[in-house]
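Student:
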Amino acid sequence: DPVNNLAYNTTYKIKVTTGAKSALGNDLSREYESSFTTSHSPSSSVSGLFMAVGSGGKILRSTDNGSSWGIATSCQFSNNLADVTFGNDTSLAVGIPGYIVRSTNSGSSWDNVTSVSQYIYRYGITFGNNTFVAVGQSGNILRSTNSGSSWNDSNSGISQYLYGITFGNNTFVAVGESGNIVRSTNSGSSWNDSNSGISQQLYGITFGNNTFVAVGTDGKIVRSTDNGTSWDNSTSPTGNGLYGVTFG
1 DPVNNLAYNT TYKIKVTTGA KSALGNDLSR EYESSFTTSH SPSSSVSGLF MAVGSGGKIL
61 RSTDNGSSWG IATSCQFSNN LADVTFGNDT SLAVGIPGYI VRSTNSGSSW DNVTSVSQYI
121 YRYGITFGNN TFVAVGQSGN ILRSTNSGSS WNDSNSGISQ YLYGITFGNN TFVAVGESGN
181 IVRSTNSGSS WNDSNSGISQ QLYGITFGNN TFVAVGTDGK IVRSTDNGTS WDNSTSPTGN
241 GLYGVTFG
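Take a look at the structure:
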């Protein structure tokens, strides 16, 4: 859509039709089609920075492509942080139990977001379509459309834990306990269940080349090429647990 900004991690199709006629009046028009995928949302790189979060509320920053790291000024708590993302010049991290912390200065300093319950564990967060979406305990999903200043509950329709979430092709997809997968095509306002075909835990999910890929316990790998509507069980070379996946 030439009127709106392009979304991260989204495939767009282009169709160009030329209209021309020869001197004899013959139709010489041609139609050309192509497609391209925009880059991933810069979830781990903020103005050239890499960020990592973890135990004890620690937030690390690197300004030299990961060669060296320093500790960012964190919040006044020592609870674990599970995931971090970036969008709209804002860094957001989620943790256990239930914290969401926010930075608007490239991670130099962080503040607690006080508008959310701190008694619900949160494991994953991502950004897309100008919306932050966080997932966690008992199917809890929160979304923010104002760069993390305030958050609203969004009904996932399930009660199992959700551990990972990603965004691609204007679709949010979250994964969790017992092979549960939920997806949203309206910026996280509402969610639909999607059958993964497995019962194992799913912990990580990513998007690339028009494909969502999720991984979990027992080496399980499932993939979707229709924006998370249906899933295929991929052959895995291991029976060990898989906890993270990325595309590059």
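UniProt numbering numbers the first residue of the sequence shown as 1 and each following residue consecutively.
Note that beta-carbon positions come from the ideal geometry of N, C-alpha and C, so glycine has one too.
(1) Kindly give me the distance between the Cβ atoms of I125 and T85, rounded to whole angstroms, as I take these residues to be in contact under 8 Å.
(2) Report the option in N210, G168, T171 and N233 whose CA atom is closest to the CA atom of I198.
(3) On the premise that S78 lies in contact with G57, defined as a C-beta separation below 8 Å, what is that separation, rounded to the nearest angstrom?
(4) What residue from A72, D64 and T206 has the CA that sits closest to T225's CA?
(5) Beta-carbon within less than 7 Å of T246's beta-carbon, same chain only, minus the 5 sequence neighbours each way: which residues are those?
(6) Per DSSP, what kind of secondary structure is S43 in: helix, strand or coil?
(7) Can you tell me whether D64 is buried or exposed? The criterion is at least 16 other CB atoms within 10 Å of its CB, across all chains shown.
(8) Once the 5 residues before and after N192 are set aside, which same chain residues still bring their CB inside 7 Å of it?
(9) Could you have a look at S117 and say whether DSSP puts it in helix, strand or coil?
(10) If distances are taken between C-alpha atoms only, which option among Y99, R122 and Q137 comes closest to N112?
(11) Just mark S156 as buried or exposed, buried being the case when its beta carbon has 16 or more other beta carbons within 10 Å.
(12) Would you list, in sequence order, the uninterrupted alpha helix (DSSP H) runs of no fewer than 4 residues that lie entirely inside the region 190–218?
(13) Can S154 and I141 be called in contact, C-beta distance under 8 Å?
(14) Which residues in the same chain as T90 place their Cβ atom closer than 6 Å to its Cβ, once the five residues preceding and following it in sequence are excluded?
(15) Can you give me the Cβ contacts of T238 inside the same chain, cut-off strictly under 6 Å, excluding the 5 residues immediately before and after it?
(16) How many angstroms separate the CA atom of N152 from the CA atom of N129?
Tutor: According to the structure data:
(1) In the sequence shown, the residue the question calls residue 125 occupies position 125. In the sequence shown, the residue the question calls residue 85 occupies position 85. 5 Å between Cβ atoms; contact.
(2) Position 198 of the sequence shown, counting from 1, holds the residue named residue 198. With distances taken between Cα atoms, I198 lies closest to N233.
(3) Taking the first residue of the sequence shown as position 1, residue 57 is located at position 57. Taking the first residue of the sequence shown as position 1, residue 78 is located at position 78. At roughly 5 Å, the Cβ-Cβ gap stays under 8 Å, so G57 and S78 are in contact.
(4) Start at 1 with the first residue of the sequence shown, and residue 225 comes out as number 225. When only C-alpha atoms are compared, the closest one is T206.
(5) If you number the sequence shown from 1, residue 246 lands on position 246. T206, listed in sequence order.
(6) Walking along the sequence shown from the start, residue 43 turns up at place 43. Caution applies to S43, whose pLDDT of 44 falls short of 50 and renders its modelled position unreliable; the value that the coordinates give is listed next. In the structure shown, the three-state DSSP call for S43 is coil.
(7) Working through the sequence shown from its first residue, we reach residue 64 at position 64. Exposed, because fewer than 16 other Cβ atoms sit within 10 Å of the Cβ of D64.
(8) Position 192 of the sequence shown, counted from the first residue, corresponds to residue 192. Same-chain partners within the cutoff: V182 and R183.
(9) Indexing the sequence shown from 1 puts residue 117 at position 117. Three-state DSSP puts S117 in coil, outside helix and strand.
(10) Within the sequence shown, the letter at position 112 stands for residue 112. The shortest Cα separation from N112 among Y99, R122 and Q137 belongs to Y99.
(11) Position 156 of the sequence shown, counting from 1, holds the residue named residue 156. Result: buried.
(12) Entirely contained in the region 190–218, not one alpha helix (DSSP H) run reaches 4 residues.
(13) Numbered from 1 along the sequence shown, position 154 holds the residue referred to as residue 154. Numbered from 1 along the sequence shown, position 141 holds the residue referred to as residue 141. In this structure, I141 lies closer than 8 Å to S154 by Cβ.
(14) Counting from one through the sequence shown, the residue named residue 90 turns up at place 90. Correct list, in chain order: T104, S147 and G148.
(15) In the sequence shown, counting from the first residue as 1, residue 238 sits at position 238. Closer than 6 Å at Cβ, skipping near neighbours: G219.
(16) The residue you call residue 152 lines up with position 152 of the sequence shown. The residue you call residue 129 lines up with position 129 of the sequence shown. Going from the Cα of N152 to the Cα of N129 covers about 16 Å.
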